[in-house]
Every structure is written in C-alpha cells, then in structure tokens.
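Here is the structure we will look at, set down as structure tokens.
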Amino acid sequence: MDIKKKNVPWYPWLNEHYKKIITQYYGKKNHPVLLIQSSPGIGIYSLVWAINKWLLCSKKKNLKVVENV
1 MDIKKKNVPW YPWLNEHYKK IITQYYGKKN HPVLLIQSSP GIGIYSLVWA
51 INKWLLCSKK KNLKVVENV
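Here the sequence shown stands for residues 1 to 69, numbered as in full-length UniProt numbering.
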C-alpha cells in the first residue's frame, strides 16, 4: 500500500500506543523487534507507519502525538 495514494486515517486511540512505544525507544527499553497484532480496520497500518517514520527519522528530539499521518 502506497501511503501517498491512500487516505490512511489516524484514530485518537492510537495516540496512547504511539506515545508508549516511542517513549520506550527513547529510554532504550524496547526490544529491537516489535510485533504488533490487531483486528483489521482499527488503524494498525497508521500506527506502524508512524512508528516507522519516527524510527527512520534522523531528528528524533521531539515526541509528538500524531494528529494525522
């Protein structure tokens, strides 16, 4: 799925999970492998996309809650 061609929604309930995962990476408390499982249609693609964007970002100074990816 190409993110630029698809309208990928960001749901409010993803903020808590995003912040938790990114905060754990900041504190180096996450395992190098992260497995995420969910029911289809609840925004898991958006969450994984946002986490990947943060992991690949070279300027990780600010932890931001994603409003819309």
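All C-beta atoms, glycine included, are put in the ideal place defined by N, C-alpha and C. All values derive from a computational prediction rather than experimental measurement.
Any idea what DSSP makes of residue i, helix, strand or coil?
i: Tyr-11; result: coil
i: Trp-49; result: helix
i: Leu-35; result: coil
i: Lys-59; result: coil
Would you report the Cα separation of residue i and residue j, rounded to the nearest angstrom?
i: Ile-44; j: Lys-20; result: 15 Å
i: Leu-35; j: Val-48; result: 10 Å
i: Asp-2; j: Pro-9; result: For Asp-2, the predicted model reports a pLDDT of 49, less than 50, meaning its position is unreliable; a value from the coordinates is still stated below. Whole-angstrom Cα-Cα distance: 14 Å.
i: Pro-32; j: Asn-52; result: 13 Å
By the 10 Å Cβ neighbour count, where 16 or more other Cβ atoms means buried, how is residue i classified, buried or exposed?
i: Leu-14; result: buried
i: Ser-38; result: exposed
i: Ser-58; result: exposed
i: Ile-22; result: buried
What do you reckon, are the CB atoms on residue i and residue j nearer than 9 Å?
i: Tyr-25; j: Trp-54; result: yes
Closer than 8 Å to a non-hydrogen atom of the ligand PLP - does that hold for the CB of residue i?
i: Val-33; result: Here there are no bound small molecules, and the ligand PLP is not part of this structure.
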